[in-house]
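**Student:** Before anything else, here's the structure in question.
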Amino acid sequence: MDKDFFVREMEAGSGMLYRVAFSILQNDDACADALQETALKAWEKRHTLREQRYFRTWVTRICINTCRSMRSAGRRLLSMEEIPEPSAAPYDPTLALALAALPEQLRLPLVLCYSEGMTYAEIATTLRLPLATVRGRIHRAKKELRKELDAE
Amino acid sequence: MMRDDDKLELRSAFREEPERCHAALMDAVRSVREEQKTMKKISMRTMLIAAVIVLSMLTTAFAAGEIFGWTDYFEAWGIHTTPGLRNAMQTEQRNISLGPVTFTVQETVADNRLAMASAKIAVTDGSQALLCMFADDPVGAYGDRSRVLMNALGLTDGAQTCFEAGAQKGLPVYAVRACVEVDEAFSGGEGMEDILWDAQGNAAYLSSCSLNPDAVGDELTARLFLRVAQIDANGEEIQKWTTREEISVPVSKKLAEKTYRPEQPLQVKGAQIREIHAELYATGAYLTFAWQMPEGMAYDETVSMWEYHHDDLLLTDGSFNVFEQGVSLSAGYDSQQWPLVTVEEMINVDALPEVIRISDGIQDVAYR
Numbered sequence: 014m015d016k017d018f019f020v021r022e023m024e025a026g027s028g029m030l031y032r033v034a035f036s037i038l039q040n041d042d043a044c045a046d047a048l049q050e051t052a053l054k055a056w057e058k059r060h061t062l063r064e065q066r067y068f069r070t071w072v073t074r075i076c077i078n079t080c081r082s083m084r085s086a087g088r089r090l091l092s093m094e095e096i097p098e099p100s101a102a103p104y105d106p107t108l109a110l111a112l113a114a115l116p117e118q119l120r121l122p123l124v125l126c127y128s129e130g131m132t133y134a135e136i137a138t139t140l141r142l143p144l145a146t147v148r149g150r151i152h153r154a155k156k157e158l159r160k161e162l163d164a165e
Numbered sequence: 023m024m025r026d027d028d029k030l031e032l033r034s035a036f037r038e039e040p041e042r043c044h045a046a047l048m049d050a051v052r053s054v055r056e057e058q059k060t061m062k063k064i065s066m067r068t069m070l071i072a073a074v075i076v077l078s079m080l081t082t083a084f085a086a087g088e089i090f091g092w093t094d095y096f097e098a099w100g101i102h103t104t105p106g107l108r109n110a111m112q113t114e115q116r117n118i119s120l121g122p123v124t125f126t127v128q129e130t131v132a133d134n135r136l137a138m139a140s141a142k143i144a145v146t147d148g149s150q151a152l153l154c155m156f157a158d159d160p161v162g163a164y165g166d167r168s169r170v171l172m173n174a175l176g177l178t179d180g181a182q183t184c185f186e187a188g189a190q191k192g193l194p195v196y197a198v199r200a201c202v203e204v205d206e207a208f209s210g211g212e213g214m215e216d217i218l219w220d221a222q223g224n225a226a227y228l229s230s231c232s233l234n235p236d237a238v239g240d241e242l243t244a245r246l247f248l249r250v251a252q253i254d255a256n257g258e259e260i261q262k263w264t265t266r267e268e269i270s271v272p273v274s275k276k277l278a279e280k281t282y283r284p285e286q287p288l289q290v291k292g293a294q295i296r297e298i299h300a301e302l303y304a305t306g307a308y309l310t311f312a313w314q315m316p317e318g319m320a321y322d323e324t325v326s327m328w329e330y331h332h333d334d335l336l337l338t339d340g341s342f343n344v345f346e347q348g349v350s351l352s353a354g355y356d357s358q359q360w361p362l363v364t365v366e367e368m369i370n371v372d373a374l375p376e377v378i379r380i381s382d383g384i385q386d387v388a389y390r
């Protein structure tokens, strides 16, 4: 993998990586740190990517691992006092809260599927889970999300 | 590619990526340097850390008329079934008709931790149908495997659900299951189910269940739970058939065992792998890693330790040949003797190695 490819793919995947990181860390400052570490780790481990067409799932896994390591190391997480930057894209705060209320085990596969458009097979490889487990978690996540939304 | 389900659009649950996050990412990306360096031999082998991810997405082609099952399934994971495993399998085929389909029980085998079975599923009268696990799954949900099914049936839209695709093509849709079950006394927990398709659109259903090693003896009483449900154009079950059939599952005995110890244990963030205990069966070798957690580590940190540090370790033999993942695709984790935590995983070997080397990409430690 050369640097040009790396820059191009990371630029293209930046939004996805942010959403994945936010799904875990729920805090923009922590996300910024995580994304920085993800970039450096991905470059350091670039020789572990056997085929460039799998870059997306490969770097997503590195991002997930980085975020979880940061969280377990006790870095600052959710801060309700943060004032988010204004967003030009459509934003549904009710949906955001309902999604945040899901356990991560359910939230992450759901985000990878219905926000990032990954197939079950891609999610299975990203999360190192059997495909049937991915399917089951997405199914449960949708049910739980509907419950959260109905309760709002 | 994924279809909106009940207008579920999760992108709007996120604000736009903040500029400071984008800048943090891209500043780091642009700061990296392309250095010319000699790859260490062990570094080259770390490609396999990602290979388990990558290889699970390989296309597997199926020839018409051939039995297909576990070997084909594992190839998609980059696992080559060993002669020992293939010899240990019961492969006498048995047909069971249920509703409009015929299940052909093909392969069964067990050791003291895992029972596995595969069954081919085809429409009895030879006509075409869409066979699936769950009718509301997107047709394309299974990646490369889905492409085989879609090619077989002339489907083009992977975002359609199976029942939508069947309705569009005028094909009957059957949701099928063929799951191995054991009595409660033998059960060790969760199982696994998955499905493959051949070039004609027939299905191979793979299932396994965890066993209680203390309960499994020379023989195992097992059944195959079979289910077929016909699905209409709205995704509703309009007819279903179920049965349970006793099946013969040969149990592979323990062939060898060994405990491996290092001169100096591998250390990861203060935790160390004290030893590795290996048990060999015809199905492969189970490795149990004894992790000693450091003083002061909180119990809830162990999940992270196991899942994200153990998972990234590379296992090789004495010549740096990487061990393939074993046929038990999941790993076991036991913290009941905290601060000692055991992690069990399987490798695909016919004989116990002399040496097991563990590397995290920086240190490399031999266990003998």
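Line by line, the protein sequences give chains C and F.
Residue numbering for the first sequence is 14 to 165, as defined by this note's numbering.
Residue numbering for the second sequence is 23 to 390, as defined by this note's numbering.
Backbone N, C-alpha and C fix where the C-beta goes; we use that ideal spot for every residue, glycine too.
Where does residue 34 (chain F) fall in DSSP's three states?
**Tutor:** Residue 34 (chain F) falls in the helix class under three-state DSSP.
**Student:** Do residue 347 (chain F) and the ligand SAM come close, with the Cβ less than 8 Å from some heavy atom?
**Tutor:** Only the bare structure without any ligand can be found here, which leaves the ligand SAM out of the picture.
**Student:** Use the C-beta contact count for residue 104 (chain F): other C-beta atoms within 10 angstroms, 16 or more gives buried, fewer gives exposed.
**Tutor:** Per the 10 Å Cβ criterion, buried.
**Student:** Name the one or two DSSP bridge partners that residue 138 (chain F) has.
**Tutor:** The partner list for residue 138 (chain F) (beta bridge, DSSP) reads F:131, F:230.
**Student:** Can you tell me the Cβ-Cβ gap for residue 16 (chain C) and residue 54 (chain F), rounded? I've got them flagged as a contact below 8 Å.
**Tutor:** With a Cβ gap of about 6 Å, residue 16 (chain C) and residue 54 (chain F) count as contacting.
**Student:** Return no unless some Cβ of chain F is closer than 9 Å to the Cβ of residue 24 (chain C).
**Tutor:** So, interface residue.
**Student:** Output yes or no for whether 9 Å exceeds the beta carbon distance between residue 367 (chain F) and residue 385 (chain F).
**Tutor:** No, the pair does not count as a contact, with Cβ atoms beyond the cut-off.
**Student:** Quick check on residue 240 (chain F): buried or exposed, where buried means 16 or more other Cβ atoms within 10 Å of its Cβ?
**Tutor:** Answer is exposed; the Cβ neighbour count stays below 16.
**Student:** Keeping to the same chain, check which residues put their C-beta closer than 7 Å to that of residue 150 (chain C); ignore five residues upstream and five downstream.
**Tutor:** The residues are 118, 119, 122.
**Student:** Strictly below 7 Å CB to CB, what residues from chain C border residue 43 (chain F)?
**Tutor:** Under the 7 Å cutoff, chain C gives 31, 41, 44, 45, 48.
**Student:** Just the Cα atoms here: how many angstroms apart are residue 62 (chain C) and residue 192 (chain F)?
**Tutor:** For residue 62 (chain C) and residue 192 (chain F), the distance between alpha carbons rounds to 42 Å.
**Student:** How would you list, in chain order, the residues of chain C whose beta-carbon sits under 7 Å from the beta-carbon of residue 56 (chain F)?
**Tutor:** The answer, in chain order, is 15, 16.
**Student:** Going along chain F in order, which residues have a C-beta closer than 7 Å to the C-beta of residue 20 (chain C)?
**Tutor:** 51, 52, listed in chain order.
**Student:** Can you tell me whether DSSP reads residue 250 (chain F) as helix, strand or coil?
**Tutor:** In this structure, residue 250 (chain F) counts as strand in the three-state DSSP scheme.
**Student:** Round the Cβ separation of residue 183 (chain F) and residue 257 (chain F) to the nearest angstrom and send it over; I've been treating them as touching at under 8 Å.
**Tutor:** The pair is a contact, with the Cβ atoms about 7 Å apart (cut-off 8 Å).
**Student:** For chain F, check one thing: does any of its Cβ atoms lie closer than 9 Å to the Cβ of residue 121 (chain C)?
**Tutor:** Output row for residue 121 (chain C): interface = no.
**Student:** Could you name the residues of the same chain whose beta carbon sits closer than 8 Å to that of residue 32 (chain C), not counting the 5 residues immediately before and after it, in chain order?
**Tutor:** Cβ neighbours of residue 32 (chain C) beyond the five flanking positions: 124, 128, 129.
**Student:** May I have the straight-line CA-CA distance separating residue 371 (chain F) from residue 271 (chain F), to the nearest angstrom?
**Tutor:** Those two C-alpha atoms are separated by around 21 Å.
**Student:** Taking DSSP's pairing of strands, which residues face residue 354 (chain F) in a bridge?
**Tutor:** Beta-bridge pairing links residue 354 (chain F) to F:366.
**Student:** Among the residues of its own chain, which have a CB less than 7 Å from the CB of residue 417 (chain F), if the five just before and after it don't count?
**Tutor:** Because chain F here runs from 23 to 390, residue 417 (chain F) falls outside it and cannot be looked at.
**Student:** Using only CA atoms, which one of C:110, C:41, C:109, C:22 lies nearest to residue 4 (chain C)?
**Tutor:** Examination of residue 4 (chain C) is not possible in this model, given that chain C is present from 14 through 165 alone.
**Student:** CA-CA distance, residue 369 (chain F) and residue 101 (chain F)?
**Tutor:** Roughly 10 Å between the two C-alpha positions.
**Student:** Should residue 304 (chain F) go down as buried or exposed, given a rule of 16 or more other Cβ atoms within 10 Å for buried?
**Tutor:** The residue in question, residue 304 (chain F), is buried, as its Cβ has 16 or more Cβ neighbours within 10 Å.
**Student:** For residue 114 (chain C), I'd like the list of residues in its chain whose CB is within less than 7 Å of its CB, leaving aside the five on either flank, ordered along the chain.
**Tutor:** Same-chain partners within the cutoff: 161.
**Student:** Could you round the C-beta distance between residue 282 (chain F) and residue 390 (chain F) to whole angstroms and report it? I think they count as a contact, below 8 Å.
**Tutor:** About 6 Å; that satisfies the 8 Å criterion.
**Student:** State buried or exposed for residue 318 (chain F), treating a residue as buried only when at least 16 other CB atoms are found within 10 Å of its CB.
**Tutor:** By the neighbour-count rule (16 or more Cβ atoms within 10 Å), residue 318 (chain F) is not buried but exposed.
**Student:** Going along chain C, which residues have a C-beta under 7 Å from residue 34 (chain F)?
**Tutor:** Going along chain C in sequence order, the residues near residue 34 (chain F) (Cβ under 7 Å) are 103, 104, 105, 108.
**Student:** Closer than 7 Å by C-beta to residue 126 (chain C): which residues in its own chain qualify, once you throw out the five before and the five after it? Chain order, please.
**Tutor:** Around residue 126 (chain C): 136, 151.
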